[in-house]
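Undergrad: First, the structure itself, so that you have it in front of you.
Numbering (this note's numbering), first residue to last: 569 to 907.
Structure below.
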């Protein structure tokens with residue numbers, strides 16, 4: 569009898585876990601999140617298609633313009649933004665994002681963009697949002713990832729920007745490339761000496777391949793990935809950071825394998841003008857995108873095994889460093905630096 573009850577309880581537990589997992593997978597999306605509206609804008613010859621999500625029952629909500637990192641990302645970064653967007657909207661914050669040029673419903677070619685182009689594009693989106701009746705009296709800013717470290721400091725100077733949030737922000741294209749190489753080899757268990765030699769070679773190759781003169785050359789025909797890297801190879805955010813006047817939250821994961829978090833934090837501490845409100849944090853056990861490093865210690869999401877993709881969906885916002893989303897929400901709403 570006791571054995572039968574134990575088996576019955578175990579079966580019930582398995583069924584409940586299965587139903588919970590099914591529920592999580594069926595509800596991993598934005599279909600029932602806020603009030604959604606397709607909103608497109610034009611930048612140069614590109615028509616960028618995006619989505620604005622407004623929180624329900626909130627008058628003049630604060631809003632964020634999402635700025636993608638590297639790669640051919642659609643408006644919700646192939647689902648990667650979903651936990652964050654749902655959290656922000658549930659906390660009364662509006663969110664706008666668009667497909668990169670040539671991705672999804674947007675025309676153009678993101679390989680043809682320089683970081684300055686991306687800054688102008690971001691500022692154009694911000695201006696359009698401020699013209700909407702629902703957001704005319706709202707506070708608005710950027711929430712950007714990785715390459716946004718080159719985009720947001722400039723974009724915030726091109727149009728009214730009340731605040732900025734940066735995650736895994738890069739500083740210098742060259743140093744970031746060399747750091748990335750070193751971390752890749754660490755993951756492949758190379759020795760310290762071998763990594764040091766590889767980074768020296770990478771530095772020499774970078775200097776030969778990406779000169780200032782070559783970076784200024786236009787694409788020969790249709791811009792490719794190689795053109796994108798060449799034309800952006802001299803990117804450095806120091807000057808734009810030193811000229812910023814926008815309250816900024818900077819979040820860096822201490823286990824960032826893509827960007828040197830110590831360099832980024834040091835540069836922002838030193839160069840952001842003293843009279844500018846800031847909140848600069850390094851989160852322990854967090855990756856480049858602030859995911860929990862004990863579960864998602866990779867440089868690219870494309871490197872995840874399939875079961876990690878399922879785990880991300882199952883955990884949702886709990887895939888991320890504890891309190892990371894709360895820190896963002898408090899800064900967006902009233903520029904409060906949450907401990």
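C-beta: ideal position from N, C-alpha, C; glycine also. Here the structure is a predicted model, which means the values were calculated and not measured.
Which partner residues does residue 614 have in the DSSP bridge list?
TA: Looking at the DSSP assignment, residue 614 forms a beta bridge with 611.
Undergrad: Helix or strand or just coil, what does DSSP make of residue 712?
TA: Of the three classes helix, strand and coil, the one that applies to residue 712 here is strand, per DSSP.
Undergrad: Measure the C-alpha to C-alpha separation of residue 908 and residue 686 and round it to an integer number of angstroms.
TA: Past the edges of the chain, shown from 569 to 907, lies residue 908, and the structure says nothing about it.
Undergrad: Nearest to residue 783 by CA position, among 771, 796, 792, 790, is which residue?
TA: If we check each option's Cα against that of residue 783, 796 comes out closest.
Undergrad: With residue 714 and residue 827 assumed to form a contact (beta carbons below 8 Å), what rounded beta-carbon distance in angstroms separates them?
TA: Confirmed, Cβ separation roughly 7 Å.
Undergrad: Using a Cβ-Cβ cut-off of 6 Å (strictly less than) and excluding sequence neighbours within five positions of residue 588, which residues of its own chain qualify?
TA: Here residue 588 scores only 49 on pLDDT, less than 50, and its place in the model is too uncertain to base an answer on.
Undergrad: Report the residue from 736, 740, 769, 733 whose alpha carbon sits nearest the alpha carbon of residue 750.
TA: The residue with the shortest Cα to Cα distance from residue 750 is 769.
Undergrad: Mapping DSSP to helix, strand and coil, what is residue 731?
TA: The answer is strand: DSSP assigns residue 731 an E or B state.
Undergrad: My output table needs one value for residue 659: the three-state DSSP class, helix, strand or coil.
TA: Looking at residue 659 - three-state DSSP - the assignment turns out to be coil, as it is neither helix nor strand.
Undergrad: Closest to residue 660 by C-alpha separation, out of 833, 884, 644, 706, would be which residue?
TA: Nearest option by C-alpha distance: 706.
Undergrad: State the DSSP-derived secondary structure class of residue 647, mapped to helix, strand or coil.
TA: Residue 647: helix per DSSP, three-state reduction.
Undergrad: Can you grab the Cα-Cα spacing for the pair residue 871 / residue 861, in whole Å?
TA: Distance between the alpha carbons of residue 871 and residue 861 is about 14 Å.
Undergrad: Among the candidates 886, 614, 726, whose CA atom is the shortest distance from the CA of residue 858?
TA: The shortest C-alpha separation from residue 858 is found at 886.
Undergrad: Would the beta-carbon of residue 851 fall within 8 Å of that of residue 819?
TA: The answer is yes: Cβ separation under 8 Å.
Undergrad: Which of helix, strand or coil does DSSP assign to residue 688?
TA: Residue state, collapsed to three classes: helix.
Undergrad: State the start and end residues of the unbroken beta strand (DSSP E) segment that holds residue 794.
TA: No beta strand (DSSP E) holds residue 794; the alpha helix (DSSP H) holding it covers 793-800.
Undergrad: Do residue 806 and residue 844 count as a contact pair if the criterion is CB distance below 8 Å?
TA: No.
Undergrad: Quick test of the definition: if touching needs 3 or more C-beta pairs under 8 Å, does the region 620-633 touch the region 652-670?
TA: Enough Cβ pairs lie closer than 8 Å, so yes.
Undergrad: Quick check: does the Cβ of residue 902 come within less than 7 Å of any heavy atom belonging to the ligand NAD?
TA: Within the structure as shown, the ligand NAD is missing, as the structure has no ligands at all.
Undergrad: Check for me: the beta strand (DSSP E) holding residue 633 runs from which residue to which?
TA: 631-635 is the span of the beta strand (DSSP E), which, as asked, contains residue 633.
Undergrad: Give a yes or no on whether the C-beta atoms belonging to residue 752 and residue 867 are separated by under 8 Å.
TA: The answer is yes: Cβ separation under 8 Å.
Undergrad: Taking Cβ positions, are residue 774 and residue 722 nearer each other than 8 Å?
TA: No, the pair does not count as a contact, with Cβ atoms beyond the cut-off.
Undergrad: Taking residue 623 as the reference, give the member of 637, 703, 832, 639 with the closest Cα.
TA: Closest option to residue 623, Cα to Cα, is 703.
Undergrad: Report yes if the CB atom of residue 709 is closer than 8 Å to the CB atom of residue 727, and no otherwise.
TA: Cβ distance not < 8 Å, so residue 709 and residue 727 don't count as in contact.
Undergrad: With 16 other CB atoms within 10 Å as the buried threshold, where does residue 904 fall?
TA: So residue 904 counts as exposed.
Undergrad: DSSP on residue 816, reduced to helix/strand/coil?
TA: Of the three classes helix, strand and coil, the one that applies to residue 816 here is strand, per DSSP.
Undergrad: Suppose the cutoff is 6 Å on Cβ atoms and the five residues either side in sequence are ignored; what does the same chain contact list for residue 763 look like?
TA: Excluding sequence neighbours, residue 763 sits near 750, 753.
Undergrad: Can residue 746 and residue 767 be called in contact, C-beta distance under 8 Å?
TA: Against a cut-off of 8 Å, the Cβ pair of residue 767 and residue 746 comes out as a contact.
Undergrad: For residue 907, count the other beta carbons within 10 Å of its own beta carbon; 16 or more makes it buried, fewer makes it exposed. Which is it?
TA: With fewer than 16 Cβ atoms within 10 Å of its Cβ, residue 907 is classed as exposed.
Undergrad: In its own chain, which residues sit with a C-beta less than 8 Å from the C-beta of residue 837, not counting the 5 before and 5 after it?
TA: Taken in chain order, the residues that qualify are 848.
Undergrad: Out of 825, 875, 629, 792, state which residue places its alpha-carbon closest to the alpha-carbon of residue 854.
TA: Comparing Cα-Cα distances from residue 854 to each of 825, 875, 629, 792, the minimum goes to 825.
Undergrad: Mind checking which residues open and close the beta strand (DSSP E) that includes residue 849?
TA: Looking at the DSSP string, the run of the beta strand (DSSP E) that includes residue 849 is 846-851.
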